[in-house]
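*Asks:*
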Amino acid sequence: MPKIGNIQLPDFPLLLAPMEDVSDPPFRALCKEQGADVVFTEFISSEGLIRDAAKSVMKLDIYEKERPVGIQIFGAVLESMLRSVEIVEASGPDIIDINFGCPVKKVVSKGAGAGILKDVDLMVSLTEAMVKHTKLPVTVKTRLGWDHDSIKIMEVAERLQDVGCQAISIHGRTRAQMYKGNADWAPIAEVKNNPRMHIPVFGNGDVDTPEKAMEMRDKYGLDGAMIGRASIGYPWFFKEVKHYFKTGEHLPPPSMLERVEAAKRHLQMAIDWKGEKLGVFETRRHYTNYFKGIPNFKEYRMKMVTSDDSASVFEAFDEVMQVFADYEFV
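So the sequence shown is residues 1 to 330, counted in full-length UniProt numbering.
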């Protein structure tokens, strides 16, 4: 069974991926309840942390019930990354994760995230310095490479391991692909099967059914799956995968009552954590998936995603419960 540092994980753990404006404490709590084995914070700018930017600092909030939890940071300047490690360490996470995979332009343009895939030496030196600067296990999340012609993931994984990285999560796309096309897990399996590798190798990208999670485990032989988009508005995904592993059968989908109650809890926790305005705004992206597939639902969905006050959203939840109480999900 895989370990990250001294953290013992179950056989083929399921990890909640770090996602901007998604994997905040309320959502992490819901995913943890539904079987996520390790959760990661939203990715945090090292420059934002050392400037004491309010949004970056707020992302450091972690809670005992979500352990083991990793705080993920990104950046490309050594001094800033080391200072941010000290700030992160003071928050008491179990893991420090480095984001070498985010493909969005505003991150890449600063040489951070997937931008650093164009400079493997810098990626390795930053990781080595951070490993030496903390007692916490340091892990890395990255992509196959910058583009199809510059895939060096085998070299990258070996070198990161050699400087003390404790686990690596690999998204099966290049930066050039962004989120288009299909994730390619074969190169990730090659990393895992490299006899030089002894740290956990987790796969990421397109794990959106229990069958795909099983394929990642059984066909590709990876140590675990990092779940991203499939969990947005659907924290039950972790539970469903584990049930499928255990029984070979699919769990019945959550009922309307379960969905409404989860959406209510999610919104209330978000308001309690970040206030009314942000809580309402940043929870909107989850509602489409909470209530996916319901016919004639547009009126209610629009109310949920356009209302600026929580009372109106809670009212919409109650209306949904009344109108669609007998709806059966398949």
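From the three backbone atoms N, C-alpha and C, an ideal C-beta is built for every residue, glycine too.
Considering arginine 143, what are the terminal residues of the beta strand (DSSP E) in which it resides?
*Replies:* Along the sequence shown, one-based indexing puts residue 143 at 143. Looking at the DSSP string, the run of the beta strand (DSSP E) that includes arginine 143 is 138-143.
*Asks:* According to DSSP, simplified to helix, strand and coil, what is residue 342?
*Replies:* Residue 342 lies beyond the residue range present for the chain, which begins at 1 and ends at 330; the question has no answer from this structure.
*Asks:* Beta carbon of aspartate 61, beta carbon of glutamate 42: below 8 Å?
*Replies:* Working through the sequence shown from its first residue, we reach residue 61 at position 61. Working through the sequence shown from its first residue, we reach residue 42 at position 42. The answer is no: Cβ separation not under 8 Å.
*Asks:* Going by DSSP in three states, methionine 45 sits in which element: helix, strand or coil?
*Replies:* Within the sequence shown, numbered from 1, the residue matching residue 45 stands at position 45. Here the sequence assigns serine to residue 45, which means methionine is not the residue at that position. Strand.
*Asks:* Check this for me: beta carbons of arginine 285 and isoleucine 232, under 8 Å apart or not?
*Replies:* Along the sequence shown, read from residue 1 onward, the residue named residue 285 stands at position 285. Along the sequence shown, read from residue 1 onward, the residue named residue 232 stands at position 232. Yes, the Cβ-Cβ distance between arginine 285 and isoleucine 232 is below 8 Å.
*Asks:* Using the C-alpha atoms, what's the distance from glutamate 215 back to phenylalanine 12?
*Replies:* The count along the sequence shown starts at 1 and reaches residue 12 at position 12. The count along the sequence shown starts at 1 and reaches residue 215 at position 215. Approximately 12 Å, taken between the alpha carbons.
*Asks:* Taking three-plus beta-carbon pairs below 8 Å as touching, is the segment 151-169 in contact with the segment 22-30?
*Replies:* no
*Asks:* Assuming phenylalanine 100 and glycine 113 are in contact, meaning their beta carbons sit under 8 Å apart, how far apart are those beta carbons, in whole angstroms?
*Replies:* Along the sequence shown, read from residue 1 onward, the residue named residue 100 stands at position 100. Along the sequence shown, read from residue 1 onward, the residue named residue 113 stands at position 113. The Cβ separation is near 7 Å, so the contact holds.
*Asks:* In the DSSP output, which residue or residues are listed as bridge partners for glycine 293?
*Replies:* Translated into the one-based positions of the sequence shown, residue 293 becomes position 293. DSSP, once it has assigned bridges, lists no residue as partnering glycine 293.
*Asks:* Would valine 124 and alanine 157 qualify as a contact pair, given that the criterion is a beta-carbon distance under 8 Å?
*Replies:* Reading the sequence shown from its first residue, position 124 is the one you call residue 124. Reading the sequence shown from its first residue, position 157 is the one you call residue 157. No, Cβ-Cβ distance for valine 124 and alanine 157 is not below 8 Å.
*Asks:* Please say whether threonine 139 and glutamine 161 have beta carbons closer to each other than 8 Å?
*Replies:* What you label residue 161 is simply residue 161 of the sequence shown in a count that begins at 1. What you label residue 139 is simply residue 139 of the sequence shown in a count that begins at 1. Not in contact: glutamine 161 and threonine 139 (Cβ atoms no closer than 8 Å).
*Asks:* Valine 131 to aspartate 119, Cα distance in whole Å?
*Replies:* As a first step, residue 131 is located in the sequence shown; it is residue number 131 there, counting from the start. As a first step, residue 119 is located in the sequence shown; it is residue number 119 there, counting from the start. Distance between the alpha carbons of valine 131 and aspartate 119: 19 Å.
*Asks:* Identify whether leucine 16 lies in helix, strand or coil by the three-state DSSP scheme.
*Replies:* Residue numbering aside, residue 16 sits at position 16 when the sequence shown is read from its first letter. Residue state, collapsed to three classes: strand.
*Asks:* Considering only residues of the segment 161-214, which uninterrupted beta strand (DSSP E) runs meet the minimum length of 3 residues and lie entirely inside it, listed in chain order?
*Replies:* 168-171, 201-204
*Asks:* Does the segment 312-322 come close enough to the segment 233-248 that 3 or more CB-CB pairs lie under 8 Å?
*Replies:* no
*Asks:* To the nearest angstrom, report how far apart phenylalanine 40 and cysteine 31 are at their CA atoms.
*Replies:* Along the sequence shown, read from residue 1 onward, the residue named residue 40 stands at position 40. Along the sequence shown, read from residue 1 onward, the residue named residue 31 stands at position 31. Going from the Cα of phenylalanine 40 to the Cα of cysteine 31 covers about 11 Å.
*Asks:* Apart from the five residues on each side of it in sequence, which residues of its chain come closer than 8 Å, Cβ to Cβ, to glutamate 33?
*Replies:* As a first step, residue 33 is located in the sequence shown; it is residue number 33 there, counting from the start. So the list reads Pro235, once near-sequence residues are dropped.
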